[in-house]
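Note that the sequence shown ends on residue 709 in this note's numbering; no numbers are left out. Glycine included, C-beta positions come from ideal geometry on N, C-alpha and C. Treat the numbers as computed from the prediction; the structure is a model and nothing was measured. Some notes on the structure that comes next.
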Amino acid sequence: MKITYKYFYTASYLSIIVGLISLLLLNINLLFQTMFSINFSLQGLGILLGIIGLFNSHSRTPGVWGIVLNIFSVIFIIVVTFISLTINYQP
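This is the structure we're talking about:
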């Protein structure tokens, strides 16, 4: 039984780590004005790991944190993309 709990804890904390890495890559992209990591596979992996972490009651809080971090980075990328499309370059 304790072996299965370790998998849920690991998935929850990996979800948080993936969320922090995606936010770090987002900040690097904004700092250097590049768009090299705008694919959503990293955020999808973090959301999936967070959902796996939700199944155990003891690892539910880190799972929710991981899901929120990854959803925030996805929403931020989408909002910044749509706002940048509204810029009119010609007067």
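Legend entry - Backbone CA spacing between V682 and I639 [nearest angstrom]: Counting from 1 along the sequence shown, the entry for residue 682 is found at position 64. Counting from 1 along the sequence shown, the entry for residue 639 is found at position 21. Spanning the two alpha carbons is a distance of roughly 16 Å.
Legend entry - Residue from S633, Q708 and Y623 whose Cα sits closest to the Cα of I669: In the sequence shown, counting from the first residue as 1, residue 669 sits at position 51. Ranking S633, Q708 and Y623 by Cα distance to I669 puts S633 first.
Legend entry - Given 8 Å, three or more beta-carbon pairs between the region 673-681 and the region 690-706: no
Inset, instruction - Within the same chain, show all residues whose beta-carbon is closer than 8 Å to that of H676, passing over the 5 residues directly before and after it, in chain order. - result: As a first step, residue 676 is located in the sequence shown; it is residue number 58 there, counting from the start. Excluding residues within five positions, the ones whose Cβ falls inside 8 Å are Y623, F626 and Y627.
Legend entry - Cut-off 7 Å between Cβ atoms - residues of its own chain near L663, not counting five sequence neighbours on either side: Against the sequence shown, residue 663 aligns to sequence position 45. Only V636 meet the Cβ criterion.
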